[in-house]
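Enquirer: According to this note's numbering, the sequence shown is numbered sequentially starting from 5.
Ideal placement from N, C-alpha and C gives every residue a C-beta, glycine not left out.
Please read all numbers here as calculations on a predicted model, not as lab measurements.
Here it is, the structure in full.
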Amino acid sequence: MTEPIFELKDVVVTVNQGTPEQINIMDHVNLAIYPGDFITILGSNGAGKSTLFNVIGGNIRVTSGQIRLHGRDITNMSVERRTRFLSRVFQDPKMGTAPRMTVSENLLLSMKRGQHRGLGPRRLKQSMAHFKDITSVMNNGLEDRLNTATGKLSGGQRQALSFLMATIKRPEILLLDEHTAALDPQTSQELMNATNSQITAHHLTCLMITHHLDDALKYGNRLIVLDHGKITYDIAGDEKDNLTKEELLSFFNDIEG
């Protein structure tokens, strides 16, 4: 049987400890992530979606429980060290890129992610053909703007760049944190199609938070619903393929269709 890449084992995150407002914002969560999983994540506001990603990324320390990578305990591993195997794309297109650097400079920087960097020639010209190839797959003209400052790109192009920067080194775990939510519907759908193509082509292991039921049903091999810090629903395979929007709506409220 295939072993999980990444696991949360009985993870609890408690806030306001020792006060009347004490609450578990992650409540004894168990989650096993397997190679090639593309997991879509739904939940109403406050359900624990961002907390889940922050725990996986190391931005929030757990109160109890264990986090494992390939069976090894990494519960106390720093955010910086986790960037060696994990990448994240945020909802805000401005968060994943350096605005005064060109598209190609941003991509070159992301190629050195997790590496020790000293002084030396950056060898940007030698990478331009590669950058043109990888940006062309996004189908939004990004390949023609390699020498453009990122701050001058459209929101869709900038978010596409953020996605490419996050995946250029093929991370073991990719976190997509509502990465299409800030875009108009057409641009959002174009980026989502390109995202799915790249995840499938490169067999990436991915978790994607979304508020769109249709996207949660259409993409990925597995779907999780969070509620009050607990995983209340986790389905995969044929069960997910046969799930209807109406059936999914019966599990929770207040999520945009």
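1. So residue 37 is in the beta strand (DSSP E); what residue range does that whole segment cover?
2. Using the Cα positions of residue 115 and residue 172, report the straight-line distance between them to the nearest angstrom.
3. Looking only at its chain, what residues have a beta carbon closer than 8 Å to the beta carbon of residue 234, apart from the 5 residues adjacent to it on each side?
4. Within the region 205 to 240, note down every full alpha helix (DSSP H) run reaching 4 residues or more, in order along the chain.
5. Once the 5 residues before and after residue 244 are set aside, which same chain residues still bring their CB inside 6 Å of it?
6. So, at 8 Å on beta carbons, what are the nonlocal neighbours of residue 55 in its own chain, with the 5 sequence-adjacent residues on each side left out?
7. Who does residue 68 pair with in a DSSP beta bridge?
8. Once the 5 residues before and after residue 213 are set aside, which same chain residues still bring their CB inside 6 Å of it?
9. Skipping 5 residues on each side, what residues in its chain have a beta carbon closer than 7 Å to that of residue 13?
10. Can you confirm whether the region 89 to 106 touches the region 160 to 176 when touching is taken to mean that 3 or more C-beta pairs between the two stretches lie within less than 8 Å?
11. With DSSP collapsed to three states, give me the class of residue 141.
12. Sorted by chain position, which residues of the same chain lie with C-beta nearer than 8 Å to residue 82's C-beta, five sequence neighbours on each side aside?
13. By alpha-carbon positions, which one of 240, 175 and 252 ends up nearest to residue 216?
14. If we call anything under 8 Å between Cβ atoms a contact, is residue 91 one with residue 168?
Expert: Looking at the atomic coordinates:
1. 27 to 37
2. 7 Å
3. 31, 32, 33 and 52
4. Contiguous alpha helix (DSSP H) elements confined to the region 205 to 240 occur at 217 to 222, taking only those with 4 or more residues.
5. 227
6. 17, 29, 30, 64 and 233
7. According to DSSP, residue 68 bridges with 16.
8. 45, 53, 181 and 182
9. 34, 69, 70 and 72
10. These segments touch.
11. coil
12. 62
13. Distance from the Cα of residue 216 is smallest, within the candidate group 240, 175 and 252, for 252.
14. no
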